[in-house]
Amino acid sequence: MSPTQESEPSPLGAAALPALAVPSLPWVLLPPVRIHQGLLGLHPVMETPLEKALTTMVTTFHKYSGREGSKLTLSRRELKELIKKELCLGEMKESSVDDLMKSLDKNSDQEIDFKEYSVFLTTLCMAYNDFFLEDNQ
Numbered sequence: 001m002s003p004t005q006e007s008e009p010s011p012l013g014a015a016a017l018p019a020l021a022v023p024s025l026p027w028v029l030l031p032p033v034r035i036h037q038g039l040l041g042l043h044p045v046m047e048t049p050l051e052k053a054l055t056t057m058v059t060t061f062h063k064y065s066g067r068e069g070s071k072l073t074l075s076r077r078e079l080k081e082l083i084k085k086e087l088c089l090g091e092m093k094e095s096s097v098d099d100l101m102k103s104l105d106k107n108s109d110q111e112i113d114f115k116e117y118s119v120f121l122t123t124l125c126m127a128y129n130d131f132f133l134e135d136n137q
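If you want it as C-alpha cells, here you go:
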C-alpha cells in the first residue's frame with residue numbers, strides 16, 4: 001500500500017497524488033493529500049491538527065526566509081519580523097533580538113537555518129508546556 005493511501009487498490013495510484021505547492025511559495029512543497037477508498041469512491045482525508053501545526057511551522061519559516069540572502073535561512077531582520085508578526089511576544093528590544101540570534105545560530109553563520117529555527121520552536125513548546133503544567137497545579 002502506498003503511504004499516501006489508507007486502502008488499496010486505488011484506480012488513481014500514487015502518480016495521481018502530486019505534492020501541493022503553496023500558492024505564494026511555489027518552490028515549497030507540502031506532503032501529498034491522502035486518499036481513502038470508501039464505499040462511495042475516493043475522497044481526500046483531512047489533515048489532522050498536528051499535521052496542520054507542522055505544515056504551519058514549515059510554511060511560516062519559508063514565508064520569511066529568503067527575503068534577504070538564501071531562501072533556506074532567516075537573517076536577523078527576517079527572524080525579528082517573523083517573531084513580531086507570528087508570535088505575539090510583543091516588541092523585542094534590539095539587544096534581545098541579538099541575544100536570541102546568538103543563542104540560535106549554532107554554526108555562527110549569522111543566519112538561522114531550519115534546524116536552528118526548529119530548536120527555537122521546540123524551546124517555545126517546552127516553555128508553553130511548563131506554563132500549562134504550573135497553571136494546572
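Numbering (full-length UniProt numbering) for the sequence shown: 1 to 137.
Ideal Cβ placement from N, Cα and C applies to all residues, glycine included.
Nearest by alpha-carbon distance to residue i: which of the options is it?
{"i": "T73", "options": "V45, L54, D105", "result": "D105"}
{"i": "L79", "options": "V97, T56, C88", "result": "V97"}
{"i": "L87", "options": "K115, L124, E111", "result": "L124"}
Grab me the residues of residue i's own chain with a C-beta within less than 8 Å of its C-beta, minus the 5 sequence neighbours each way, in chain order.
{"i": "K84", "result": "E91, M92"}
Under the rule that 16 or more other beta-carbon atoms within 10 Å means buried, what is residue i, buried or exposed?
{"i": "Y117", "result": "buried"}
{"i": "E134", "result": "exposed"}
Can you find the residues in the same chain that come closer than 6 Å, C-beta to C-beta, to residue i, ignoring five residues on each side of it along the sequence?
{"i": "R76", "result": "M101"}
{"i": "D113", "result": "T73"}
Distance check for residue j and residue i, CA to CA, integer angstroms please.
{"i": "G41", "j": "K63", "result": "36 Å"}
{"i": "P54", "j": "M126", "result": "The residue asked about is misnamed: residue 54 is Leu in this sequence, not Pro. Taking the straight line from one Cα to the other gives about 16 Å."}
{"i": "Y128", "j": "E47", "result": "24 Å"}
{"i": "F120", "j": "N136", "result": "25 Å"}
{"i": "T60", "j": "G69", "result": "17 Å"}
{"i": "T122", "j": "M57", "result": "11 Å"}
{"i": "E51", "j": "F132", "result": "22 Å"}
{"i": "D99", "j": "D130", "result": "22 Å"}
Leaving out five residues on either side along the sequence, give the residues of the same chain with a beta carbon under 7 Å from the beta carbon of residue i.
{"i": "R67", "result": "E78"}
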